[in-house]
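> Chains as they are written, first to last, in the numbering used here: chain V, 1 to 196; chain F, 1001 to 1459.
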Amino acid sequence: MVAGVVALALTALVPGASARTSAQACPAAWKTGWQHLANTVKAPVYCPTWMPNPLDAQIRGDWQDIYSIGKDRSYLVSFLYHGEGASGDVHVNFRGYPGRTAVPRCKTVVLTGKKTLRGTTPCFADSAGVQKAPGIRATVYRVNQDADQWHVLLAWRHAGSLYTVSEHVIKPYTFRQVVTNLDRLLRSLVLVRPQG
Amino acid sequence: MRLTRRRFLGGAAAGVLGGAGVYELVDKLTAAPARRARPAGALPREQHVIDLGLVESEGVPVIVPPLHHEVVTATLKITDLKTAQAGLERALVELEDRYSLDAAGLGVTVAWGLPYFERHVPEQAKLRLPFDHRAGKPALLPARRFPSDPADTVLEQNDVAILLRSDSRAHIDDARKALFDDLPYLRMTSIRRGFAGGGFAGKQSLPKKMAMAAGVPGADLIPDNSELFLGFTSTQKAGLGPRLIANHETLGFVDVRGGYFRGGTHMHLSHIDEDLEAWYLNFDFDERVLTTFRPGLTSVKQGTQTVPQGPKDFATQAQTARAFERTGRFGHSASIQTTSRLLQDVVGPDGTVYPKGTAIPQRADFNTLDNPFAWSATPDRDKLKSTPSAGVHFVVFNPSSDDFARNRLAMDGVLPDGTKLDVGPRSRAQGFNSVLTTTHRQNFLVPPRAHRSFPLAEL
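1) Do you know offhand how far Leu-10 (chain V)'s Cα is from Asn-53 (chain V)'s?
2) May I have the straight-line CA-CA distance separating Gln-1236 (chain F) from Leu-1228 (chain F), to the nearest angstrom?
3) Given that Ala-1170 (chain F) touches chain V, what residues does it touch there, using C-beta distances under 9 Å?
4) List, in order along the chain, the chain V residues whose C-beta lies closer than 8 Å to that of Glu-1277 (chain F)?
5) Provide the residue(s) that pair with Gly-1391 (chain F) in DSSP beta bridges, ordered along the chain.
6) Just to make sure I have the definition right: I need the residues of chain V whose C-beta is within less than 8 Å of the C-beta of Tyr-1354 (chain F). Which are they?
7) Can you look up His-1332 (chain F) in the DSSP assignment and give me helix, strand or coil?
8) Within 8 Å, do at least three Cβ pairs link the stretch 1099-1109 of chain F to the stretch 1038-1052 of chain F?
9) I'd like to know whether the C-beta atoms of His-1332 (chain F) and Thr-1368 (chain F) end up nearer to each other than 9 Å.
10) Find the residues of chain V that neighbour Asn-1282 (chain F), judging by a C-beta separation of less than 8 Å, and give them in chain order.
11) Whose C-alpha, out of V:Tyr-46, V:Leu-37, V:Val-41, is nearest the C-alpha of Ala-25 (chain V)?
12) What does the alpha-carbon distance come out to for the pair Gly-1357 (chain F) and Leu-1251 (chain F)?
13) Given that a residue counts as buried once 16 or more other Cβ atoms are within 10 Å of its Cβ, and exposed if not, what is His-82 (chain V)?
14) Determine which residues of the stretch 1421-1454 of chain F have a Cβ less than 9 Å from any Cβ of chain V, and write them out in chain order.
15) Taking only beta carbons into account, state which residues of the stretch 122-144 of chain V come closer than 7 Å to chain F, listed in chain order.
16) Does the Cβ of Ser-1299 (chain F) have 16 or more other Cβ atoms within 10 Å, making it buried, or fewer, making it exposed?
17) Is Thr-101 (chain V) close to chain F, meaning its C-beta is less than 9 Å from at least one C-beta of that chain?
18) In the structure shown, what three-state DSSP assignment does Met-1210 (chain F) receive?
19) Does the separation of the CB atoms of Ala-1359 (chain F) and Pro-1242 (chain F) fall below 9 Å?
20) From the DSSP secondary-structure annotation, give me the bridge partner or partners of Trp-156 (chain V).
21) In three-state terms, what does DSSP make of Gly-1021 (chain F)?
22) With which residues is Met-1188 (chain F) paired in a DSSP beta bridge?
23) Any beta-carbon of chain F closer than 9 Å to the one on Thr-49 (chain V)?
24) Do you know offhand how far Val-190 (chain V)'s Cα is from Glu-1274 (chain F)'s?
25) Can you tell me which of the three DSSP states Thr-1030 (chain F) falls into?
26) Would you decide whether Gln-195 (chain V) is buried or exposed? Buried here means 16 or more other CB atoms lie within 10 Å of its CB.
27) Using the C-alpha atoms, what's the distance from Asp-126 (chain V) back to Gln-1302 (chain F)?
28) Note the first and the last residue of the continuous alpha helix (DSSP H) segment covering Val-179 (chain V).
29) Using a Cβ-Cβ distance cut-off of 9 Å, determine whether Leu-111 (chain V) contacts chain F.
30) Counting only beta-carbon separations shorter than 9 Å, does Glu-1227 (chain F) have a partner in chain V?
31) Just the chain V side, please: which residues come within less than 7 Å of Gly-1328 (chain F) by C-beta, in chain order?
32) I believe Pro-1311 (chain F) touches Pro-1355 (chain F) by the beta-carbon criterion, under 8 Å. Please report the beta-carbon distance rounded to the nearest angstrom.
33) What do you reckon, is the C-beta of Leu-1445 (chain F) under 8 Å from a heavy atom of the ligand FMN?
34) Here's the rule I'm using: 16 or more other beta-carbon atoms within 10 Å means buried, otherwise exposed. How should Thr-116 (chain V) be labelled?
35) According to DSSP, what are the bridge partners of Ser-1148 (chain F)?
36) What does the Cβ neighbour count give for Gly-119 (chain V), buried or exposed, with the cut at 16 atoms within 10 Å?
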């Protein structure tokens, strides 16, 4: 029943193309988690002030999925709504690569009958234009790897670091709606700087 | 009246259309290409040959397909075949009188399935049907499933399939009415519709416009002037068999047994669903190129749609196997070309020289939004849905069923000498193939024009 209500809400609340969000400040309820992340990676991180329905961006909240920080301080914070049955998913990933701006490479594995062929490929590929928000000029990537597979991803550079946000193209959101969501997400981002 | 972008955005336009549904948009979204009229004269012996124009796309000669395509399948309603033979032939001749045999007019190809020959003319068929002595089997075989086909691919049992091709929807509607509504001989089992082309002059192509209008998933990801949904031009001249090469008799491995079917060919018909989002969101451009064509093809400029596939561009079996060893990939075109291209020069019965590397199959496939058909007499079996879906009605002419099967097996990594490139049927390493799902298949025999109407019934 709950899943059904959420699915209905998703259908009703898909944002329109005209939706615009002006970034203010990281919402109070979400600030603690993002501030902790910035402090841990010792670099600014981007906190969203808007998320596609039904997600919020509260780290350690109801929708947080992956929270991973690498030895190189790169991070992946993921929020996931996994609908029951065929109602669909809403999945948004935030990444940061403090101190480096190159597109990272991801491992590939091709299994054939006799052997396993290993290689690497750019984690973000098939660039398809640019989306802008105040202070951000993001490249749109359509073919992405690992946790961003089947996502549309925006990547941009800030102060010597690379940042990304991506959303899975899957029901209830169409490709076009995901692009609209990402545009709104990008406009909603605010920087949270490390403290202490 | 043309639709403006505002009027068709969001698929709303499809909801107010008439009998041809979303396909009525074809005429609203694009103008028929300028074509040179076919010179007057006798019609060709072959039913499957139709005159089409050529343009250059990214420096490569490309055949301009007809805008509209339709295949109607049917079973027989009657048992008096001789009367039916005369009646159908009269109707076909009247269509030929009304429309020129070219894309501006109308192309009609009548193809007969094994159930027709086995149920209605079994004795004559035993004596006259062509025999593929390379395969050691009849030239017309029952349809089969291939390694990458799902277990529920429907192997159809139609008596006849009629392929209608034209730049004009009205010509096709007129032909269907004349052959099915106005005659009492055939009971329709399905109608399959689609379109191809546009975009060669740098304008947005028909498949892109149609997919956007229908709102199918992934429509936004199709390159703007792509000839087909999957983004590459597939009708380049060198990639299609020349005029008569697909005839049973041309390459010499099919015995036409007395000659009744000389000038005929074999037609395979299938419906393939295409997952556009899986294609465009999981494979970057370079990988789309290598999996569509061949591994190691690294010189293709980003965004290119027409990748040359001339006689010298094809990969041999050994090259394909070596590339697979190295990369774990084999490329859709490269694997098929191990069987679909001539391995040596061949001289046809009329003296035409077909050089090594020449393509054998003559494809007449077209994109569709049918799911899987526009109409079906057995909607439950065919899993008919009214929501549009991106796909292709694959129509190809080969000398025999076995020749088609060799090509199709090679597409799944089974090479002509039996070498199996060991990739799972639905593996991502299959690349191009992994986003295709075949829902229906059937083989047909296309008699020469003189015997296209209820073949063998007069004997």
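We put the CB at the ideal spot given by N, CA and C, even for glycine. Fair warning: this is a prediction, and the values are worked out from it, not measured in the lab.
Answer, in terms of the structure:
1) Counted from its first residue, the first sequence places residue 10 (chain V) at position 10. Counted from its first residue, the first sequence places residue 53 (chain V) at position 53. Note that Leu-10 (chain V) has pLDDT 44, beneath the 50 cutoff, so the model's placement of it is unreliable and the number below is only indicative. The straight-line gap from Cα to Cα measures roughly 6 Å.
2) In the second sequence, the residue the question calls residue 1236 (chain F) occupies position 236. In the second sequence, the residue the question calls residue 1228 (chain F) occupies position 228. Computed Cα separation, rounded: 12 Å.
3) Mapped onto the second sequence, residue 1170 (chain F) falls at position 170. Neighbours of Ala-1170 (chain F) on chain V: none; closest Cβ ~34 Å, over 9 Å.
4) For the purposes of this step, residue 1277 (chain F) is taken as the residue at position 277 of the second sequence. Here the neighbours are Trp-150, Val-169, Phe-175.
5) Numbered from 1 along the second sequence, position 391 holds the residue referred to as residue 1391 (chain F). Its beta-bridge partners are F:Asp-1273, F:Thr-1368.
6) Your numbering for residue 1354 (chain F) matches position 354 in the second sequence. Correct list: empty, because the minimum Cβ distance to chain V is about 35 Å.
7) Here residue 1332 (chain F) refers to the residue found at position 332 of the second sequence. Helix.
8) yes
9) Reading the second sequence from its first residue, position 332 is the one you call residue 1332 (chain F). Reading the second sequence from its first residue, position 368 is the one you call residue 1368 (chain F). Their beta carbons are not under 9 Å apart, which means His-1332 (chain F) does not touch Thr-1368 (chain F) by this criterion.
10) For the purposes of this step, residue 1282 (chain F) is identified with residue 282 of the second sequence, where counting begins at 1. Neighbours of Asn-1282 (chain F) on chain V, chain order: Val-143, Gln-149, Trp-150.
11) Translated into positions along the first sequence, residue 25 (chain V) becomes position 25. Of the candidates V:Tyr-46, V:Leu-37, V:Val-41, V:Tyr-46 places its Cα closest to the Cα of Ala-25 (chain V).
12) Residue mapping note: residue 1357 (chain F) aligns to position 357 of the second sequence, counting from 1. Residue mapping note: residue 1251 (chain F) aligns to position 251 of the second sequence, counting from 1. Near 14 Å, if we compare the C-alpha coordinates of Leu-1251 (chain F) and Gly-1357 (chain F).
13) Translated into positions along the first sequence, residue 82 (chain V) becomes position 82. So His-82 (chain V) ends up on the exposed side.
14) Under the 9 Å Cβ criterion, the stretch 1421-1454 of chain F contributes Leu-1421, Asp-1422, Val-1423, Gly-1424, Ser-1427, Arg-1428, Ala-1429.
15) Ala-125, Asp-126, Arg-142, Val-143
16) Locating residue 1299 (chain F) in the second sequence gives position 299, where the first residue counts as 1. Ser-1299 (chain F) should be labelled exposed.
17) Taking the first residue of the first sequence as 1, we reach residue 101 (chain V) at position 101. No, Thr-101 (chain V) does not count as interfacial toward chain F.
18) To locate residue 1210 (chain F), count along the second sequence from 1; it is residue 210. Looking at Met-1210 (chain F) - three-state DSSP - the assignment turns out to be helix.
19) For the purposes of this step, residue 1359 (chain F) is taken as the residue at position 359 of the second sequence. For the purposes of this step, residue 1242 (chain F) is taken as the residue at position 242 of the second sequence. Result yes, Cβ atoms of Ala-1359 (chain F) and Pro-1242 (chain F) sit closer than 9 Å.
20) As a first step, residue 156 (chain V) is located in the first sequence; it is residue number 156 there, counting from the start. DSSP output for Trp-156 (chain V) lists V:Tyr-163 as bridge partner(s).
21) Translated into positions along the second sequence, residue 1021 (chain F) becomes position 21. Correct three-state label for Gly-1021 (chain F): helix.
22) For the purposes of this step, residue 1188 (chain F) is taken as residue 188 along the second sequence, with counting starting at 1. Met-1188 (chain F) is bridged to F:Ala-1074.
23) The residue labelled residue 49 (chain V) in the question sits at position 49 within the first sequence. Using beta-carbon distances, Thr-49 (chain V) does not count as an interface residue toward chain F, since no partner is under 9 Å.
24) Taking the first sequence and counting its residues from 1, one reaches residue 190 (chain V) at position 190. Taking the second sequence and counting its residues from 1, one reaches residue 1274 (chain F) at position 274. Taking the straight line joining both Cα atoms gives about 40 Å.
25) Within the second sequence, residue 1030 (chain F) is the residue found at index 30, counting from 1. DSSP places Thr-1030 (chain F) in coil when its eight states are reduced to three.
26) The residue you call residue 195 (chain V) lines up with position 195 of the first sequence. When all chains shown are included, Gln-195 (chain V) counts as exposed.
27) One-based indexing of the second sequence puts residue 1302 (chain F) at position 302. One-based indexing of the first sequence puts residue 126 (chain V) at position 126. A straight-line Cα-Cα distance of about 9 Å links Gln-1302 (chain F) and Asp-126 (chain V).
28) Here the question's residue 179 (chain V) lines up with position 179 in the first sequence. Where Val-179 (chain V) is concerned, the enclosing alpha helix (DSSP H) stretches over 175-188.
29) For this step, residue 111 (chain V) is matched to residue 111 along the first sequence. Closer than 9 Å: yes.
30) On the second sequence, position 227 is the one that residue 1227 (chain F) refers to. By this cut-off, Glu-1227 (chain F) is not an interface position.
31) Position 328 of the second sequence holds residue 1328 (chain F). Result: Val-110, Thr-112, Leu-117.
32) Against the second sequence, residue 1311 (chain F) aligns to sequence position 311. Against the second sequence, residue 1355 (chain F) aligns to sequence position 355. Correct: roughly 6 Å between the Cβ atoms.
33) Because no ligand of any kind appears in the structure shown, any question about the ligand FMN cannot be addressed here.
34) If you number the first sequence from 1, residue 116 (chain V) lands on position 116. Exposed, since its Cβ has fewer than 16 Cβ neighbours within 10 Å.
35) For the purposes of this step, residue 1148 (chain F) is identified with residue 148 of the second sequence, where counting begins at 1. DSSP output for Ser-1148 (chain F) lists no bridge partner at all.
36) The count along the first sequence starts at 1 and reaches residue 119 (chain V) at position 119. Classification of Gly-119 (chain V): exposed, given that the 10 Å Cβ count is below 16.
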